[in-house]
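Single-structure report; data block below.
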Amino acid sequence: MTLRGRWILIGVVTVVMAYLALPSFFSDEARASHWWLRRDGMTLGLDLQGGIHWLLRVDADAAVQRELEKIQSSVADEASEAKTQFSGAEIKGDTLIVRGDLAGLRKLIDENTQSVDVDERDGALVLTLKERWKRDAIDRGAATALEVLRKRVDAFGVREPIIAPQGHGRILVQMPGVEDREAAGKLLKSTTFLEFKQVIDAAPSQELLEAKFPKGIPEDQEIVINSTRAGKESEALLVPKKAVLKGDMLEDARMEFDRRNRPIITFQWNSEGAKIFRDFTGANIGHRLAAIIDGKVITAPVIQSKIGRRGEITGDFTREEASNTAIQLRSGALPIPLILEEERAVGPSLGADSIRDGVRASLLGAGLVFVFMGVYYSLTGMFANLALIVNVIILIGLMSATKATMTLPGIAGVVLTVGMAVDSNVIIYERIREELRNGKTARAAIQVGYARSFWTIFDSHVTALLSSIILVMIGRGPVQGFGVTLTIGLVASMFTALVVTRTLMDTIYGPNPERLRI
Amino acid sequence: MELFKTKTHIDFVRQMPFMVAFSVAIIVLSLVSFAVKGFNFSIDFVGGTVIEAQVPAGAGDVDEHRLRDILQKLGQPDATIVRLGAPEEREFRISLRGSQEEDQNLSATILKGLNENLGTEIVAKSVESVGPRVGGELRRAGVMAIVLSWIGILIYVWFRFEWQYAPGAVLALIHDVCFTAGMFSMFGWEFDMNVLAALLVIIGYSMNDTIVIYDRIRETVTTRGTTELESVVNEAINATLSRTVLTSGLTQLVVVAILLVGGPVLRGFALALFIGILVGTYSSIYVASAVLIWLARRYGHPVPAQKPERRTRTSRAAS
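Chains V and S, in that order, are what the protein sequence lines are.
Under the working numbering, think of the first position of the first sequence as 1, with each following residue one higher.
Under the working numbering, think of the first position of the second sequence as 519, with each following residue one higher.
What follows is the structure in structure tokens.
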């Protein structure tokens with residue numbers, strides 16, 4: 001390439017990279033209000049701007065349990081449909097034990113359920129979930145949980161959150177700028193579950209209710225306590241374990257105010273839910289229906305008329321409670337509990353300290369390198385310094401363009417790149433000096449210096465890239481950011497060492513090489 | 519300015535047996551330390567909880583002992599408490615290593631307990647919790663990453679040089695990693711995720727030095743032949759010595775800057791790099807070349823066919 005061509009290349013690369021890098025030095029507001037600024041810049045990692053990072057894992061046991069519950073009820077349904085004798089099914093650990101007419105049941109299960117291995121033990125069928133279906137149940141659980149979390153985090157008002165799957169059954173959540181760990185922790189609450197159950201019996205207290213059933217309450221029923229209304233005596237309600245309707249059929253839920261300006265929760269069913277609700281309320285006018293959220297009775301009114309798609313729950317809640325409950329009802333329940341495997345919460349002040357320390361160390365380190373190069377190689381050393389500046393511009397430009405995340409180790413990575421990029425120049429300069437000592441002319445020494453150093457620089461960069469790419473692959477969070485910085489920096493340093501300094505030298509020393517100062 | 523005005527004539531090859539003996543001794547010591555003392559792993563690798571908290575001035579005199587007593591009451595006798603910064607900043611780092619899975623709210627419980635006992639509202643500047651499962655995975659991933667980069671470099675050097683060069687390069691890298699990690703093990707310095715990153719940087723960096731020297735050996739071999747390999751190696755190391763010392767020194771300038779003013783988070787990282795770069799420079803000179811000489815003596819050293827593009831470039835440039 002001609003000298004002129006090389007200058008154009010360097011100029012274009014530097015200007016483009018500087019333009020790409022620019023937004024990273026401005027706030028979001030400034031980026032939005034200046035037409036000449038691009039919108040995308042580097043984002044600061046949570047370790048620098050503060051925020052909460054979670055790594056969540058789907059509870060695999062619970063996922064299997066949930067799957068077995070589904071099979072349990074479908075086996076019961078199929079058995080009654082096919083009039084096969086069925087005397088019960090229970091979940092024990094990760095197996096489902098089915099009793100009754102074993103041969104008939106086995107045939108039913110083999111026909112209808114592919115997801116289990118069936119075994120016969122102690123006069124019962126033992127069903128275990130196949131490995132592939134176990135994995136599938138976990139993956140499905142993770143996918144649903146991801147959607148639910150996304151809705152909840154959005155409703156929580158987090159700007160630019162990251163909610164992403166992370167390998168098998170894991171979810172990564174990053175919420176920049178969120179400080180309140182306790183409030184954020186509520187987002188993980190597994191089940192905000194709305195259930196409607198018909199009230200079978202009621203008594204002022206649990207003892208009195210239990211007294212009505214000397215033989216114990218039926219197995220498929222349970223007692224719930226309605227103690228929500230302040231000032232009103234609590235009462236015990238007997239309800240079936242199975243709900244008439246569950247919140248998973250909700251289409252919408254929001255907080256509104258009734259005529260007396262009290263907060264209420266209004267809800268809307270999907271078409272399936274609306275049909276069930278309409279049929280049930282139509283058939284049970286005059287009976288009581290309990291609205292239960294997370295096992296707590298909110299209200300248990302008497303059904304006055306047939307209710308369809310829409311309804312409302314009046315309870316004794318504050319405006320905030322009603323609003324939060326509505327958000328959680330709207331976003332649905334987490335189908336499977338999530339286990340918090342890793343939490344990192346950094347306060348904004350600590351992040352600011354880190355930025356200050358990182359920038360200070362970088363300026364000091366880079367400054368020392370600059371001074372040394374200028375002193376040790378005089379004018380030619382200044383060329384290397386110029387190349388280092390171009391190197392940093394390219395690095396920040398590429399990181400901004402790819403919206404990479406700048407972390408504290410990443411800042412260290414930028415300045416380490418400076419330390420390492422200078423290596424290429426030192427290799428070349430030392431070679432030039434050596435050739436000069438061997439009696440070569442300045443022009444020949446420069447030629448040989450660059451030519452002989454090329455493959456050395458190439459090889460050493462490739463091997464360094466190898467380990468930095470591995471860092472990107474295995475690292476997480478801040479360390480991964482460091483790997484990205486290092487990788488981009490290495491690529492940029494090849495360009496600056498081989499092209500930028502060479503072009504400067506050819507321009508300055510080309511016409512009169514005797515001026516070479518090195 | 520020039521620090522290496524005249525060409526050095528150090529007989530590196532003659533020193534190699536002593537240096538290799540020294541290295542072997544250090545490596546054995548490191549391995550023993552890995553086995554006996556193990557590592558002072560951060561919660562990144564073993565799981566646990568770390569809270570960095572600032573105690574408000576209203577809480578009276580607070581020191582490590584008082585916090586330790588409170589934590590003991592809260593059923594955490596194994597907690598380590600370190601003061602951060604100056605006493606008037608009233609900042610502490612409370613680390614609880616291990617078990618996390620049973621108590622998902624351990625950090626909340628502890629903060630609450632501290633608040634109750636101190637009668638104040640502690641400011642939690644950062645809270646980190648890692649489950650043992652994630653920690654174990656990271657440990658395995660870390661070992662994998664290091665071994666993978668060794669293998670990658672083995673293959674690359676084999677491909678770019680002759681096979682006799684590859685084992686020396688990789689042995690030097692294994693040496694560097696063992697030495698640096700050994701220091702962390704022996705002195706009980708905390709080994710966190712950043713230190714792992716530093717080990718990978720060291721691998722890349724030490725490889726630079728080795729490549730530069732190998733390149734020069736190969737270049738000299740093509741002109742001088744292999745009959746006096748020892749003197750060829752000596753000449754190559756001496757010729758590149760100024761570069762080796764300079765670049766290590768320049769990178770160390772940056773590392774020392776991070777070590778001194780880069781803040782507490784990066785201290786372990788910078789310390790690992792500092793040791794690793796020193797050892798990496800040393801091993802490129804003594805370990806990598808020693809193995810190369812030994813292998814070349816035993817199995818011969820083919821005079822490499824020069825890369826065609828290289829020959830044309832250099833010969834054209836030299837003429």
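Note that CB positions come from ideal geometry on N, CA and C, so glycine has one too.
It should be emphasised that the depicted structure is a prediction, and the values quoted were computed from it without experimental measurement.
*Residues bridged to Phe559 of chain S (per DSSP)*: Taking the first residue of the second sequence as position 1, residue 559 of chain S is located at position 41. S:Phe709.
*Taking all protein chains shown into account, decide if Ser362 of chain V is buried (16 or more other Cβ within 10 angstroms of its Cβ) or exposed.*
Start at 1 with the first residue of the first sequence, and residue 362 of chain V comes out as number 362. Its Cβ being crowded by 16 or more others within 10 Å, Ser362 of chain V is buried.
*Closer than 7 Å, Cβ to Cβ, to anything on chain S: give me those residues from the region 406–431 of chain V, in chain order.*
Leu408, Pro409, Ala412, Val415, Leu416, Val418, Gly419, Met420, Val422, Asp423, Val426, Ile427, Glu430
_When you compare the CB positions of Ala253 of chain V and Arg309 of chain V, do they come within less than 8 Å of one another, or not?_
One-based indexing of the first sequence puts residue 253 of chain V at position 253. One-based indexing of the first sequence puts residue 309 of chain V at position 309. Not closer than 8 Å, so no.
*When the Cβ atoms of the region 671–683 of chain S are set against those of the region 698–705 of chain S, are three or more pairs found closer than 8 Å?*
no
*asked:* Using a 10 Å radius around the Cβ and a threshold of 16 neighbouring Cβ atoms, would you call Val371 of chain V buried or exposed?
replied: In the first sequence, the residue the question calls residue 371 of chain V occupies position 371. That one is exposed.
*Beta-carbon gap between Leu791 of chain S and Val773 of chain S smaller than 8 Å*: Position 273 of the second sequence holds residue 791 of chain S. Position 255 of the second sequence holds residue 773 of chain S. Their beta carbons are under 8 Å apart, which means Leu791 of chain S touches Val773 of chain S by this criterion.
*Entirely enclosed beta strand (DSSP E) segments - the region 287–333 of chain V, minimum 3 residues*: 289–293, 296–299, 310–314
*Using alpha carbons as the reference points, say which of V:Lys212, V:Trp7, V:Lys197 lies closest to Val302 of chain V.*
Counting from 1 along the first sequence, the entry for residue 302 of chain V is found at position 302. Val302 of chain V has its Cα closest to that of V:Lys197, out of V:Lys212, V:Trp7, V:Lys197.
*Alpha carbon to alpha carbon, how far is Ala788 of chain S from Ala326 of chain V?*
Residue mapping note: residue 788 of chain S aligns to position 270 of the second sequence, counting from 1. Residue mapping note: residue 326 of chain V aligns to position 326 of the first sequence, counting from 1. Their backbone Cα atoms lie some 50 Å apart in a straight line.
*Going along chain V in order, which residues have a C-beta closer than 8 Å to the C-beta of Glu570 of chain S?*
Stepping through the second sequence from its first residue, residue 570 of chain S is reached at position 52. Neighbours of Glu570 of chain S on chain V, chain order: Leu350.
_Same chain, Cβ closer than 8 Å to Leu3 of chain V, neighbours up to 5 away in sequence not counted_ = Position 3 of the first sequence, counted from the start, is the residue given in the question as residue 3 of chain V. So the qualifying residues of the chain are Thr503, Asp506, Thr507, Gly510.
*Residues of the region 79–94 of chain V with Cβ closer than 8 Å to any Cβ of chain S, in chain order*: none
*Answer with yes or no whether the minimum CB distance from Val652 of chain S to chain V is below 8 Å.*
Working through the second sequence from its first residue, we reach residue 652 of chain S at position 134. Yes, contact with chain V.
_Proximal residues, the region 717–728 of chain S versus chain V, C-beta separation under 8 Å_ = Leu718, Val719, Ile721, Gly722, Tyr723, Met725, Asn726
*Using a Cβ-Cβ cut-off of less than 9 Å, give me the residues of the region 729–756 of chain S that come near chain V, in sequence order.*
Ile729, Val730, Tyr732, Asp733, Arg734, Glu737
_Bridge-paired residues (DSSP) for Lys246 of chain V_ = Residue 246 of chain V sits at position 246 when you count from the first residue of the first sequence. Bridge partners of Lys246 of chain V: V:Glu195.
*For Thr266 of chain V, does the three-state DSSP call read helix, strand or coil?*
By one-based count along the first sequence, residue 266 of chain V stands at place 266. DSSP places Thr266 of chain V in strand when its eight states are reduced to three.
*Output the residue ranges of the alpha helix (DSSP H) runs that lie fully inside the region 583–660 of chain S and measure 4 residues or longer, sorted by chain position.*
624–636
*For Phe787 of chain S, decide whether its Cβ has a neighbour in chain V, counting only Cβ atoms nearer than 8 Å.*
Residue mapping note: residue 787 of chain S aligns to position 269 of the second sequence, counting from 1. True, the Cβ-Cβ gap to chain V drops below 8 Å.
*asked:* Assuming the contact rule is C-beta atoms closer than 8 Å, Val568 of chain S and Ile640 of chain S should be a hit. Round their C-beta distance to whole Å, please.
replied: Against the second sequence, residue 568 of chain S aligns to sequence position 50. Against the second sequence, residue 640 of chain S aligns to sequence position 122. Wrong, their Cβ atoms sit about 14 Å apart, outside the cutoff.
*Best match in S:Arg615, S:Val665, S:Arg678, S:Gly631 for proximity to Val648 of chain S [C-alpha to C-alpha]*: Taking the first residue of the second sequence as 1, we reach residue 648 of chain S at position 130. Comparing Cα positions, the closest option is S:Arg615.
_Segment limits, beta strand (DSSP E) that includes Glu753 of chain S_ = Here residue 753 of chain S is taken as the residue at index 235 of the second sequence, counted from 1. Premise fails: Glu753 of chain S lies in the alpha helix (DSSP H), 747–779, not in any beta strand (DSSP E).
_Taking 8 Å as the threshold (beta carbon to beta carbon), is Val462 of chain V in contact with chain S?_
In the first sequence, counting from the first residue as 1, residue 462 of chain V sits at position 462. For Val462 of chain V, the answer is yes, since a Cβ of chain S falls inside 8 Å of its Cβ.
_Cβ-based neighbour list, Ala79 of chain V, same chain, cut-off 6 Å, excluding 5 preceding and 5 following_ = Walking along the first sequence from the start, residue 79 of chain V turns up at place 79. Closer than 6 Å at the Cβ level, and outside the excluded window around Ala79 of chain V, lie Phe86.
*Look up Val538 of chain S in the DSSP assignment and say whether it is helix, strand or coil.*
The residue labelled residue 538 of chain S in the question sits at position 20 within the second sequence. Three-state result, Val538 of chain S: helix.
*If the cut is a Cβ gap below 9 Å, which residues of chain B does Ala806 of chain S touch?*
This model lacks chain B altogether, as its protein chains are V and S.
*Just to confirm, are Asn756 of chain S and Lys525 of chain S a CB contact at a threshold of 8 Å?*
By 1-based counting over the second sequence, the position of residue 756 of chain S is 238. By 1-based counting over the second sequence, the position of residue 525 of chain S is 7. Against a cut-off of 8 Å, the Cβ pair of Lys525 of chain S and Asn756 of chain S comes out as a contact.
*Please confirm if Ser647 of chain S has its CB atom under 8 Å from at least one CB of chain V.*
Translated into the one-based positions of the second sequence, residue 647 of chain S becomes position 129. So, interface residue.
*With a cut-off of 8 Å, does the C-beta of Leu613 of chain S fall near any C-beta of chain V?*
Walking along the second sequence from the start, residue 613 of chain S turns up at place 95. Here residue 613 of chain S is Ser; the residue named in the question, Leu, does not match the sequence. Closer than 8 Å: no.
*Give the secondary structure of Gly231 of chain V by DSSP, where H, G and I count as helix, E and B as strand, and everything else as coil.*
Walking along the first sequence from the start, residue 231 of chain V turns up at place 231. Caution is warranted here: a pLDDT of 48 is assigned to Gly231 of chain V, below 50, making its placement in the model unreliable, and the coordinate value is therefore given only provisionally. In the structure shown, Gly231 of chain V sits in coil (DSSP, three-state: anything other than H, G, I, E or B).
*Residues of chain S with a CB under 8 Å from the CB of Ile474 of chain V: which are they?*
Your numbering for residue 474 of chain V matches position 474 in the first sequence. Those are Ala659, Gly660, Met662, Ala663, listed as they occur along chain S.
*Going by DSSP, what residues sit across from Glu256 of chain V in a beta bridge?*
On the first sequence, position 256 is the one that residue 256 of chain V refers to. Answer is V:Ile264.
*What's the C-alpha gap between Ala754 of chain S and Met725 of chain S?*
Numbered from its first residue, the second sequence carries residue 754 of chain S at position 236. Numbered from its first residue, the second sequence carries residue 725 of chain S at position 207. So the two alpha carbons sit approximately 16 Å from each other.
*At a CB-CB cut-off below 9 Å, which residues of chain V make contact with Thr638 of chain S?*
Taking the first residue of the second sequence as position 1, residue 638 of chain S is located at position 120. Per Cβ cutoff of 9 Å: no residues; Thr638 of chain S is ~17 Å from chain V at best.
*Contact set between Thr456 of chain V and chain S, taken where Cβ atoms lie within less than 7 Å*: The residue you call residue 456 of chain V lines up with position 456 of the first sequence. Residues of chain S passing the Cβ test: Ile729, Val730, Asp733.
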